[in-house]
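For the sequence shown, the numbering used here assigns the number -3 to the initial residue and increments by one for each residue that follows. Glycine included, C-beta positions come from ideal geometry on N, C-alpha and C.
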Amino acid sequence: EDFDDLLTNNNYHSQWFKRGFGWDWMTASGYSKAAKASLQAVPLQSPPPLCDDKTADYAIRSFLHLFKIVCPINVDKLKLLLKDHPHQPFVNSVLNGLRNGFWPMSEIPANNVVINVNHPICNQHPDLLCAARDEEVAAERYSSGFQKLTPGMIISPLLLVVKKGMSKMHVCTNMSYGKASLNNLVIKDKIRVIFNSLISFAPYMVELKKHGKKLFLWKTDAARAYWNMPIHPQYQLRQIVLIDGQYHIDHCANFGSSASPNIWCLFFSLVLWIAVHKFEIKRINNLMDDMWGICTEDDFTTFKGIRMPLDQAKFLYLFDILNIPWDWKKQIWGERIEIIGHYVNANALSLSLSPDKKSDLIMALRTFVSIKQHRLKEWQSLLGWASWGLNTFPLGRVALQAVWDKTTSKTYRNLFIPTNSKVQSDLRWLADAIKLSPGMYLLDSTIWGLNQANALVASDAYPKGIRVWFPNSAEGFHLHLPPPVRDIYWVEL
């Protein structure tokens, strides 16, 4: 068999270990999965019939004044802008959720009352907790206080956290607490979210760079993302918080529910469709409530007295039409800005971890190996964080193999799993390598054609090892990997 044909038929240039951070600049083009997500999305699940949820039926009828649909979105204008969207069943399911509340793709919780106490840190800051409660009640995202619980009410514990780059503590709901937590009942296959990444955005940068003009990046943020999504009264019954001796019903999606990202992203996929097809905003990507794009120095306008990129101004105007809240302090533009934790330089065509994100990841890796055991959820958190951080340093992914080996097939998230010498050695190496990594230059991440290759090499991976063949010199090599036997995907990596 001809070796060139062999390489071509086996997708020689796939470079899976780069996770897509490699491009053939002759054919690459930018795209947005999220902007197209609404075209094939499954219509959102309706709440179960009240005849199957008699506990909720009783509570809602008995205490109707405590349940409320709170949503700032102008649903009528959203419907008007979506009148020619090609997937009307999905559109109608989202509009119904905005009007009547979303059901978070969950099994019906048990009928018994579940009381979980707040995290001890809340007792140290009662004034902060009460102030947050007052703000939520005033905005009607929380109900007024009450003292009698009815069957089916579930109290999730509150905790206080400090957001990155901010000194103020924020109240969060821990809906994963306990073996019978609300998040355990959410059907995981139904809450998958379509994200964009810098992979799909990089071709936009290279495309505009060819015009020979100075480039500018912009980033727009929607305020209070999940809180803009109302929850159906049947599920509000299960979103109870306890503050200062009073119970309150949380009317909206919150940052503690594993279903909230899915609800927001499905709604926002329709906003993105409008942005692309009605407002002609073409070079955009988004992740959750962050949107970003790129333009030349000629594509600026004045919006509300501020000089800014035209596409960004269009997006903010769309937000105003739909009454999606936003703050000026979150609207950013410049030649180099931070996008989803990476520094993106429009004119240098480079991607890198921001210094603080790099420092945080290195510290997390070194701290992790200094402790003898961690819960499965902590292993998974580190693995996800490191995988994201390695987008601009793909060769470092091999250092995560030992972590995958330790967590594969385990499902109980509070299970303690000990580290071992292999994990410790690999993660220490990874921390040192990330510290030295300069990031990624897009034009250095080109996928070259066969006619540009200095040498041709064939490799074949299998669970116990890998074979390599150099046809020009008729040399072959074999590497046998030590136990445990790995999934072939990781051997190929």
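Next on the checklist: Helix, strand or coil for Q242? Go by DSSP, reduced to three states.
Outcome noted: As a working note, residue 242 is residue 246 in the sequence shown. Correct three-state label for Q242: strand.
Item to check | Neighbour-count burial assignment, P85, 16 or more Cβ in a 10 Å radius | outcome: Residue 85 sits at position 89 when you count from the first residue of the sequence shown. Under this definition P85 is an exposed residue.
Checklist entry - Using the beta-carbon count (16 or more within 10 Å), is N451 buried or exposed? => result Residue mapping note: residue 451 aligns to position 455 of the sequence shown, counting from 1. The question names Asn, yet the displayed sequence has Ala at residue 451. When all chains shown are included, A451 counts as exposed.
Item to check | Buried or exposed (CB count within 10 angstroms, at least 16 for buried), A470 | outcome: Within the sequence shown, the letter at position 474 stands for residue 470. Exposed, because fewer than 16 other Cβ atoms sit within 10 Å of the Cβ of A470.
Next on the checklist: Just to confirm before moving on: does the CB-CB distance between M225 and I259 stay below 7 angstroms?
Outcome noted: For the purposes of this step, residue 225 is taken as residue 229 along the sequence shown, with counting starting at 1. For the purposes of this step, residue 259 is taken as residue 263 along the sequence shown, with counting starting at 1. Pairing M225 with I259 gives a Cβ-Cβ distance under 7 angstroms.
Checklist entry - Given 8 angstroms as the limit, is there contact between the stretch 238 to 258 and the stretch 298 to 308, that is, 3 or more CB pairs closer than that? => result Under the Cβ criterion (8 angstroms, minimum of three pairs), the stretch 238 to 258 does not count as touching the stretch 298 to 308.
Checklist entry - To the nearest angstrom, how far is it from the Cα of W322 to the Cα of L77? => result In the sequence shown, the residue the question calls residue 322 occupies position 326. In the sequence shown, the residue the question calls residue 77 occupies position 81. The straight-line gap from Cα to Cα measures roughly 20 angstroms.
Checklist entry - Hey, quick one: how far does the alpha helix (DSSP H) through P85 stretch, first residue to last? => result By one-based count along the sequence shown, residue 85 stands at place 89. Per DSSP, the unbroken alpha helix (DSSP H) holding P85 starts and ends at Q84 to N96.
Item to check | Integer Cβ distance of L438 from V202, believed to fall under 8 angstroms | outcome: For the purposes of this step, residue 438 is taken as the residue at position 442 of the sequence shown. For the purposes of this step, residue 202 is taken as the residue at position 206 of the sequence shown. Contact holds; Cβ gap of about 6 angstroms.
Checklist entry - For E103, does the count of other Cβ atoms within 10 angstroms reach 16, so buried, or fall short, so exposed? => result Numbered from its first residue, the sequence shown carries residue 103 at position 107. By the 10 Å Cβ count, E103 comes out exposed.
Next on the checklist: Is it the case that the stretch 224 to 243 contacts the stretch 138 to 158, given that we only count it when at least three CB pairs across the two stretches are under 8 angstroms?
Outcome noted: Enough Cβ pairs lie closer than 8 angstroms, so yes.
Next on the checklist: On a Cα-Cα basis, can you pick out the residue from D356, Q232, F275 and K460 that is closest to F59?
Outcome noted: Counting from one through the sequence shown, the residue named residue 59 turns up at place 63. Among D356, Q232, F275 and K460, the Cα nearest to that of F59 belongs to Q232.
Checklist entry - Counting pairs of beta carbons, one from the stretch 26 to 34 and one from the stretch 181 to 196, are three or more of them closer than 8 angstroms? => result Judged by Cβ distances under 8 angstroms, the stretch 26 to 34 makes contact with the stretch 181 to 196, as three or more pairs qualify.
Checklist entry - Helix or strand or just coil, what does DSSP make of R409? => result Numbered from 1 along the sequence shown, position 413 holds the residue referred to as residue 409. Correct three-state label for R409: coil.
Item to check | Delimiting residues of the alpha helix (DSSP H) encompassing K215 | outcome: In the sequence shown, counting from the first residue as 1, residue 215 sits at position 219. For K215, there is no enclosing alpha helix (DSSP H); the enclosing beta strand (DSSP E) covers residues L211 to D217.
Item to check | Reduced DSSP secondary structure (H/G/I, E/B, other) of F315 | outcome: Position 319 of the sequence shown, counted from the start, is the residue given in the question as residue 315. In the structure shown, F315 sits in a helix (DSSP, three-state: H, G or I).
Checklist entry - Could you give the C-beta distance for A427 and L361, rounded to a whole number, given that I count them as a contact under 8 angstroms? => result What you label residue 427 is simply residue 431 of the sequence shown in a count that begins at 1. What you label residue 361 is simply residue 365 of the sequence shown in a count that begins at 1. Indeed, because the Cβ distance is near 4 angstroms, the residues count as touching under 8 angstroms.
Checklist entry - Whole-angstrom Cβ separation of I277 and K310, contact assumed at under 8 angstroms? => result One-based indexing of the sequence shown puts residue 277 at position 281. One-based indexing of the sequence shown puts residue 310 at position 314. At roughly 5 angstroms, the Cβ-Cβ gap stays under 8 angstroms, so I277 and K310 are in contact.
Checklist entry - Apart from the five residues just before and just after H121, which ones in its own chain have a Cβ nearer than 7 angstroms to its Cβ? => result Sequence index remark: in the sequence shown, residue 121 carries index 125 (1-based). For H121, where only same-chain residues beyond five positions count, the Cβ hits under 7 angstroms are L156 and M165.
Item to check | Own chain partners of I493 with C-beta closer than 8 angstroms, once the 5 adjacent residues on each side are dropped | outcome: Any answer about residue 493 is impossible in this case: the structure gives the chain only from -3 up to 489.
Checklist entry - Among L396, Y408 and I430, which has the Cα closest to the Cα of T415? => result Mapped onto the sequence shown, residue 415 falls at position 419. Of L396, Y408 and I430, the residue nearest in Cα terms is L396.
Next on the checklist: For a test of the three-state rule: what should DSSP assign to I69, helix, strand or coil?
Outcome noted: In the sequence shown, counting from the first residue as 1, residue 69 sits at position 73. In this structure, I69 counts as coil in the three-state DSSP scheme.
Checklist entry - Who are the near neighbours of I183 in its chain, counting only those whose CB is closer than 8 angstroms to its CB and skipping five residues on each side? => result Against the sequence shown, residue 183 aligns to sequence position 187. Closer than 8 angstroms at Cβ, skipping near neighbours: M101, S102 and E103.
Item to check | Span separating the alpha-carbon of A271 from that of S350 | outcome: If you number the sequence shown from 1, residue 271 lands on position 275. If you number the sequence shown from 1, residue 350 lands on position 354. Pairing A271 with S350, the inter-Cα distance amounts to about 29 angstroms.
Next on the checklist: What does the Cβ neighbour count give for M385, buried or exposed, with the cut at 16 atoms within 10 Å?
Outcome noted: Position 389 of the sequence shown holds residue 385. In the sequence as presented, Met is not what sits at residue 385; that position holds Gly. Buried is the call here.
Checklist entry - Can you list, in chain order, the residues of its chain whose CB lies under 7 angstroms from that of W273, leaving out five sequence neighbours each side? => result Locating residue 273 in the sequence shown gives position 277, where the first residue counts as 1. It should be noted that the sequence gives His, not Trp, for residue 273. Taken in chain order, the list of residues that qualify is empty.
Next on the checklist: Just checking A134 against the ligand ATP - is the residue's beta carbon closer than 6 angstroms to any of the ligand's heavy atoms?
Outcome noted: Inclusion of the ligand ATP in the displayed structure is not the case, the ligand content being empty and no account of it being possible.
Next on the checklist: So for S421, helix, strand or coil by DSSP?
Outcome noted: Within the sequence shown, the letter at position 425 stands for residue 421. In the structure shown, S421 sits in a helix (DSSP, three-state: H, G or I).
Checklist entry - Is L91 buried or exposed, if buried means 16 or more other CB atoms sit within 10 Å of its CB? => result Start at 1 with the first residue of the sequence shown, and residue 91 comes out as number 95. L91 comes out buried.
Item to check | Length-filtered (4 minimum) alpha helix (DSSP H) runs lying within the stretch 257 to 337 | outcome: Taken in chain order, the complete alpha helix (DSSP H) segments of 4 or more residues contained in the stretch 257 to 337 are 306 to 318.
Next on the checklist: Using the Cβ count rule (16 or more neighbours within 10 Å means buried), how would you classify N114?
Outcome noted: Translated into the one-based positions of the sequence shown, residue 114 becomes position 118. Around the CB of N114, 16 or more other CB atoms lie within 10 Å, so the residue is classed as buried.
Checklist entry - If you drop the 5 nearest sequence neighbours on each side, which residues of the same chain put their C-beta closer than 6 angstroms to that of N341? => result Along the sequence shown, read from residue 1 onward, the residue named residue 341 stands at position 345. Contacts found: R332.
Checklist entry - Where does A127 sit, in a helix, a strand or coil, going by DSSP? => result Translated into positions along the sequence shown, residue 127 becomes position 131. It is helical.
Checklist entry - Are D123 and D217 close, meaning C-beta to C-beta below 7 angstroms? => result Here residue 123 refers to the residue found at position 127 of the sequence shown. Here residue 217 refers to the residue found at position 221 of the sequence shown. Contact flag unset, no.
Next on the checklist: Between the alpha carbons of H474 and V464, how many angstroms are there, rounded?
Outcome noted: The count along the sequence shown starts at 1 and reaches residue 474 at position 478. The count along the sequence shown starts at 1 and reaches residue 464 at position 468. If I take the Cα positions, the gap works out to 6 angstroms.
Checklist entry - Does DSSP put S490 in a helix, a strand or coil? => result Residue 490 falls outside the range modelled here, since the chain spans only -3 to 489, and no answer is possible.
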